[in-house]
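As structure tokens, the structure follows; a few thoughts come after it.
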Amino acid sequence: MNIIMNMTWKELLRKRVMLLTLIMTSVFLIAFWFVAKSIGGHASFQGSGMSGAEQLIQRFADGAFILSLGFFFGAFVIAFLSIFSSFSALSGEAEQGVLQALLPRPLPRWKWYLGRWLGYVIFGVSYALLLFIAILLITQAHAAVPGDLLTLLKAFLLFASVVPVIISISMLGSGFLSAIGNGVFMTMLYGAGWLGGMIDKVSGSLPLKPDALQSLQNMTGIMSVLMPADGLQRKMIAVLFSFKELGGMIPIDESFFGVADAIPSNSFVIYAVFYTVVVLLIGIYRFERKDL
Numbered sequence: 000m001n002i003i004m005n006m007t008w009k010e011l012l013r014k015r016v017m018l019l020t021l022i023m024t025s026v027f028l029i030a031f032w033f034v035a036k037s038i039g040g041h042a043s044f045q046g047s048g049m050s051g052a053e054q055l056i057q058r059f060a061d062g063a064f065i066l067s068l069g070f071f072f073g074a075f076v077i078a079f080l081s082i083f084s085s086f087s088a089l090s091g092e093a094e095q096g097v098l099q100a101l102l103p104r105p106l107p108r109w110k111w112y113l114g115r116w117l118g119y120v121i122f123g124v125s126y127a128l129l130l131f132i133a134i135l136l137i138t139q140a141h142a143a144v145p146g147d148l149l150t151l152l153k154a155f156l157l158f159a160s161v162v163p164v165i166i167s168i169s170m171l172g173s174g175f176l177s178a179i180g181n182g183v184f185m186t187m188l189y190g191a192g193w194l195g196g197m198i199d200k201v202s203g204s205l206p207l208k209p210d211a212l213q214s215l216q217n218m219t220g221i222m223s224v225l226m227p228a229d230g231l232q233r234k235m236i237a238v239l240f241s242f243k244e245l246g247g248m249i250p251i252d253e254s255f256f257g258v259a260d261a262i263p264s265n266s267f268v269i270y271a272v273f274y275t276v277v278v279l280l281i282g283i284y285r286f287e288r289k290d291l
């Protein structure tokens, strides 16, 4: 499997996926730096009459807002990187004849599939770590961020957990659809999950009848079950800022983060892990029986 993982990384380099990702990430981080500087400028405290404790609280609130913006767009970057690095993992290589050349050798198909999966996941999680640290450092330069290492570790694991979820679905789809078809399918599925999360965020503030609200919540629940990425991101934000522990002490508008009414439970995280494993196993089973 190590050989397959190395082949995966070399392919990402050959297709310039890494280069394009680094360029676009640099542009994003430069723009994010100026946004963070505009929101968290220290000059706003001069002559404000605020005490040191009040300034610290305000800096934390500013940091929460800045981090939410950074991770909101960062989640999109990671999701689309996961999709477009793996959407042609099977169908694309079958069309190019790569699989026909490799698989007749004494290499079990499940090892090839798992090696590809690990290659994409390690690449995506490594990128997520760099992006996570960069967003924290930029925010720290202009505001305050949570300093508890255990909280940051939990938040990162939730932030990066989107990578194996999406790659598992993408590689499964690649066993059924063409490369272009799978790319379109994954983009629409992720968009549906994101839309379900947005509807869930604003549904509580809409003047709807109970029956209509229940139907809307059922629909968003189905979207979250099919694509749990948005729920994992909301859970990450809730864990990072410890909304339950703050208890309103910090002036943060929780509705902006999409967790005012419903923070995804630990059971949802367990479901996402189980969902990822099941989809991965189904993908391996499908590939074992696929005609190349």
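Positions 0 to 291 (numbering that gives the first Met the number 0) are the ones given, in order, by the sequence shown.
For glycine and all other residues, C-beta sits at the position ideal for the given N, C-alpha and C.
From a predicted model like this one, the values you see are computed outputs, not experimental measurements.
Whether residue i touches residue j by CB criterion (9 Å)
i, j, result
"Met318", "Ala154", "Outside the shown range of the chain, which is 0 to 291, sits residue 318, and nothing can be said about it."
"Phe31", "Ile137", "yes"
"Gly174", "Gly39", "no"
"Asp61", "Ala143", "yes"
Nearest to residue i (by Cα), restricted to the options the options
i, options, result
"Gly73", "Val120, Gly114, Ile38 and Leu128", "Leu128"
"Ile2", "Leu117, Leu21, Phe79 and Ser81", "Leu117"
"Phe86", "Met17, Leu106, Leu215 and Ile166", "Ile166"
"Arg288", "Pro107, Leu68 and Leu80", "Pro107"
"Met265", "Val238, Val276 and Tyr284", "Going by the sequence as given, residue 265 is Asn instead of Met. Of the listed residues, the one whose Cα sits closest to Asn265 is Val238."
"Arg285", "Ile56, Ile269 and Trp109", "Trp109"
"Leu151", "Val276, Phe240 and Lys14", "Phe240"
"Leu66", "Val276, Gly182, Val34 and Leu113", "Val34"
Residues near residue i by beta carbon distance below 6 Å, same chain, minus five either side
i, result
"Met222", "Ala191, Gly192 and Gly195"
"Phe267", "Gly230"
"Thr186", "none"
"Leu130", "Gly73"
Under the three-state DSSP convention, the category residue i falls into
i, result
"Lys263", "It should be pointed out that residue 263 corresponds to Pro in this sequence rather than to Lys. Here Pro263 sits in coil by DSSP."
"Met0", "coil"
"Ser241", "coil"
"Ala228", "helix"
"Asp147", "coil"
"Ala142", "coil"
"Phe175", "coil"
"Pro163", "helix"
7 Å Cβ shell around residue i - same chain, five flanking residues per side excluded
i, result
"Ala271", "Ser160, Val164, Pro227 and Leu231"
"Leu11", "Met17, Ser84 and Phe122"
"Val162", "Ile77, Ser81, Val120, Gly123, Val124 and Ala127"
Residue i classed as buried or exposed, judged by whether at least 16 other C-beta atoms fall within 10 angstroms
i, result
"Asp210", "exposed"
"Ile179", "exposed"
"Ser169", "buried"
"Phe184", "buried"
"Asn5", "exposed"
"Ser25", "exposed"
"Arg233", "buried"
"Lys208", "exposed"
"Leu135", "buried"
"Ile262", "buried"
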